[in-house]
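Worksheet: one structure, shown below.
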Amino acid sequence: MDTVAPSRPHTDDLRKRQRRQRVADDVARAIVVGVIVFSMLLLLLPLALTVSMSFDARDYLGVFPPPALSTRWYAKFFSDPYLLNGLKTSLQLAALTAVAATALGLSAAVALERLPRRYSQPLMAVFLSPLVVPGVVLGFALLIFYARVGVENTFLRLLAGHVLITFPYAIRTVLAALGGIRPSLIEVAQSLGASPVKAFWTVTFPLARTGVAAGAIFAFVFSLDDVAVSIFLSDPHRYTLPVALVSMLHANFDLTIAAVAVLIIGASIGLMLLLDWMVGLDRVVGAGYYRT
Amino acid sequence: MPPSAVLELNHVSKRYGNTPAVIDISFSVQRGQILALLGPSGCGKTTILRMIAGFVEPDEGTLEMGGRDIRGLRPHERNVGLVFQDYALFPHLTLEENVAYGLRQRGSAKDAIGDRVSEMLVLVRLEGLGSRRPGELSGGQQQRVALARAMAVTPEVMLLDEPLSALDAKLRQQLRFELKQILQAAHCTTLIVTHDQEEAMSLADEIVVMDHGRILQHGNARAIYDAPQSRTVAEFIGRANWFEGKLGPAVSPELREFVTSEGRFFVPANALSQSSAGESFCVRPERLRILAEGLPADEGMNLVQGTLLHVACLGSEIHHAVTLESGRTLICVEQNRDQTIPAAGTRLRLAFRPTDCIFTA
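Here it is as structure tokens:
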């Protein structure tokens, strides 16, 4: 304060400006908090409503709150062969997709990591392009393509389509994990007598495996969730659960959909918790794990 | 190739695009010798280390290890022990597994691996910590694990890249001796790459000073410090007070005059025998002696008049900055021996012997 004291009027002016600034900051903070709360309500209210609907004992879409609760929609789901068939396909598909997308993602990520930037950047753009192409476009394109090429097996069609849309997530998580591994670790392994392949399996892979697992879980969840691509590639006998739900929505609407939705939400939350427990969600998207 | 040279580089060059990284490098390391490549960052010393380890191939020249041409061999086919600045310990393995890694890759028998690992852990004094993970160790301990891991496979050459620079100053000094003892106890032929002159001088039997991809001087620490062949070496290793001028006539069979704008000095008569142009010489700070005004100087000493600018006591040493009448400032270092330290502003004289004058190219 001593150094400012000689010019008092100046100080008063400064104080006034600081006060105005503080008010402006408070207003800005209130707006930010408001927007966050509003967005969260927008996201969470429909989910909450879905949960309430899934336990609604009424036969029709009635007003909130439901007069009585029941688990009849869950019971109906587990006794409906049409939906169960979809669930079976979805789970098989998600599991195989997770394995295939992760294996491909791992190989691609390793290659991208080793290539010079001028090759890896455009390749990366190609690998990630399924993220920017709308699912509907992708689904339609695949349908035409499979017909031309002569892929008849519906499950194979679905699998290839799902691998295509989940593969970018696998690449990203594996790349993040690989990026966290110091190159000196691999160099030391090689100088200790490990061939490049051995160095990969004894050093790179063990250090990247959390990222690999995260990629697999992402692929599983996104495969389970997809409608846009699957709807083009399904047929009346082989279809995924979300596709079954959509067609149910058109044909005979009832609250089984809500029950299934809640089950899917539960499964997703479970997998995300698993992911968080395994790697920490921040690490999947954040900085490398093994840089100290 | 001399019979005892374990590692020999002959006229090795490497360029990246149009930028030469290493130019015409030749040196050899004898069995059991510790040699340091010393130079500022970007001088090419790390490129040389990476060429020996097999991560970089030289454009020109030959690389021999144990009498065998190792060009074209991949890193895992060469027998070198690498220790990186960041130690590069495998975080997912225990200490034992880290040290055993190289032996496992070589397919040694399980019992032999166990014996060798405990032997190495004793050597680096980490016995009993074998089941810990690298993250649970201090920096100094990690460094020793990295050393043990590299030595476990009995490499022909140990390559140490800035082995101590990740540690704090105190620990670094302590570990220097320890590192040297460990390397000597195991008779390791070692190449150390460092930018730290103290590290090089305290660890190495021989030092190769590098700058801009070239070797400037090759010799032991004393020779490089006392007889630097170039101004760059004189300034990179230690500190130097320079005097610019011209050689004058001989005054005796041993002495010549050297004329500067700051006075006339006696210098050794053979000053020009080396490649020196004879237009400048330097004196190391600890060779300058402070004489209070009025005190007589020894016979044959060079004297220069100045004013004490400031004094700093660094513990064992006292550093004096002395401004000459020409306005230049010289650095003078004395041991802390209970002497009276003159106050700043005191007029004094600096004395040095003719043999303290170092002429460089």
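For the record, the sequence lines run as chains A and B. Heads up, the first sequence is in this note's numbering, so the first residue is 5 and it goes up one at a time. Heads up, the second sequence is in this note's numbering, so the first residue is 541 and it goes up one at a time. Glycine residues also receive a C-beta, built at the ideal position from the N, C-alpha and C atoms.
Subject >> Interface partners of N616 of chain B on chain A, CB under 9 Å >> reply: The sequence shown places His at residue 616 of chain B, not Asn. Going along chain A in sequence order, the residues near H616 of chain B (Cβ under 9 Å) are A193, Q194, S195, L196, G197, A198, S199, P200, K202, A203.
Original post:
Taking the alpha helix (DSSP H) that I235 of chain A falls in, what are its first and last residues?
Top reply: 232 to 237
Original post:
Exposed or buried, which one is Y86 of chain A when buried takes at least 16 other CB atoms within 10 Å?
Top reply: exposed
Original post:
Thinking C-alpha only, which one of B:V693, B:L848, B:R889, B:H752 is nearest I653 of chain B?
Top reply: B:V693
**OP:** With a threshold of 16 other CB atoms inside 10 Å of the CB of K786 of chain B, please say whether the residue is buried or exposed.
**Re:** Burial state of K786 of chain B is exposed, judged by a 10 Å Cβ sphere holding fewer than 16 other Cβ atoms.
Subject >> Chain-ordered neighbours of H529 of chain B on chain A, where CB pairs are closer than 7 Å >> reply: What is shown of chain B runs 541 to 901, which leaves residue 529 of chain B out entirely.
Subject >> Supposed contact pair I221 of chain A and L182 of chain A - C-beta distance, whole angstroms, cut 8 Å >> reply: Incorrect: roughly 17 Å between the Cβ atoms, too far for contact.
**OP:** Would you mind telling me which residues of chain B sit closer than 7 Å to S188 of chain A, beta carbon to beta carbon, in chain order?
**Re:** Per Cβ cutoff of 7 Å: F624, D626, A628.
Subject >> Through-space distance from F630 of chain B to V207 of chain A, alpha-carbon basis >> reply: 7 Å
**OP:** Taking only beta-carbon positions, decide if V55 of chain A is within less than 9 Å of chain B.
**Re:** Judged by the 9 Å Cβ criterion, V55 of chain A is not in contact with chain B.
Original post:
Mind pulling the chain B residues with CB within less than 7 Å of V207 of chain A?
Top reply: Chain-order list of chain B residues neighbouring V207 of chain A: F630, by C-beta distance under 7 Å.
Original post:
Any idea which residues DSSP pairs Y556 of chain B with across the strands?
Top reply: The partner list for Y556 of chain B (beta bridge, DSSP) reads B:T559.
Subject >> Bounding residues of the alpha helix (DSSP H) (the contiguous stretch that carries V264 of chain A) >> reply: 260 to 282
Original post:
What residues match up with P891 of chain B in a beta bridge as DSSP calls it?
Top reply: Correcting the residue identity first, residue 891 of chain B is Ala in this sequence and not Pro. Paired residue(s): B:R829, B:L843.
Subject >> Short CB-CB distance (under 9 Å) between R555 of chain B and chain A >> reply: no
Subject >> Cβ contact (3+ pairs, closer than 8 Å) linking the stretch 618 to 635 of chain B and the stretch 178 to 196 of chain A >> reply: yes
Original post:
Is the distance from the Cβ of V733 of chain B to the Cβ of E702 of chain B below 9 Å?
Top reply: yes
Original post:
In chain order, what residues of the same chain have a beta carbon less than 7 Å from the beta carbon of V250 of chain A, not counting five sequence neighbours either side?
Top reply: Spatial neighbours of V250 of chain A in its own chain (CB-CB distance under 7 Å, excluding positions within 5 residues in sequence) are listed in chain order as V231, I235.
Original post:
Which value, in whole angstroms, describes the spacing of the CA atoms of L160 of chain A and A223 of chain A?
Top reply: 17 Å
Original post:
Is S544 of chain B near the ligand MG, with its Cβ less than 8 Å from a heavy atom?
Top reply: In terms of ligand content, the structure shown is empty, and the ligand MG therefore cannot be addressed.
Original post:
E570 of chain B CB to nearest chain A CB: under 9 Å?
Top reply: What sits at residue 570 of chain B in the sequence shown is Gln, not Glu. No, because no Cβ of chain A sits closer than 9 Å to the Cβ of Q570 of chain B.
**OP:** For the alpha helix (DSSP H) holding F108 of chain A, just list the boundary residues, first then last.
**Re:** It should be pointed out that residue 108 of chain A corresponds to Leu in this sequence rather than to Phe. Looking at the DSSP string, the run of the alpha helix (DSSP H) that includes L108 of chain A is 85 to 118.
Original post:
Between which two residues does the alpha helix (DSSP H) carrying S124 of chain A extend?
Top reply: 121 to 132
Original post:
Are L719 of chain B and L704 of chain B closer than 9 Å when you measure CB to CB?
Top reply: yes
Original post:
Using 9 Å as the limit for Cβ to Cβ distance, is L677 of chain B near chain A?
Top reply: no
Original post:
Residues of chain A with CB under 8 Å from V620 of chain B, in chain order?
Top reply: S195
Original post:
According to the Cβ coordinates, are I610 of chain B and G584 of chain B closer than 9 Å?
Top reply: no
**OP:** Could you tell me if A709 of chain B is buried or exposed, where buried requires 16 or more neighbouring beta carbons within 10 angstroms of its beta carbon?
**Re:** exposed
**OP:** Say whether chain A places a C-beta atom closer than 9 Å to the C-beta of R771 of chain B.
**Re:** R771 of chain B does not count as touching chain A.
Original post:
Is the distance from the Cβ of S195 of chain A to the Cβ of A593 of chain B below 9 Å?
Top reply: yes
**OP:** Using 10 angstroms around the beta-carbon of G642 of chain B, count the other beta-carbons present and answer buried if the total reaches 16, otherwise exposed.
**Re:** Per the 10 Å Cβ criterion, buried.
Subject >> Cβ-Cβ distance between E600 of chain B and M591 of chain B below 9 Å >> reply: E600 of chain B is not a Cβ neighbour of M591 of chain B, given a cutoff of 9 Å.
Original post:
Considering E191 of chain A, what are the terminal residues of the beta strand (DSSP E) in which it resides?
Top reply: First-last for E191 of chain A: 187 to 195, but that is the alpha helix (DSSP H), not the beta strand (DSSP E).
Subject >> Residue of A:V41, A:V39, A:P70 minimising C-alpha distance to T54 of chain A >> reply: A:P70
Original post:
Name the chain A residues that come within less than 7 Å of Q645 of chain B, Cβ to Cβ?
Top reply: L196, G197, A198, K202
Original post:
Taking the alpha helix (DSSP H) that V639 of chain B falls in, what are its first and last residues?
Top reply: Unbroken alpha helix (DSSP H) run through V639 of chain B: 635 to 645.
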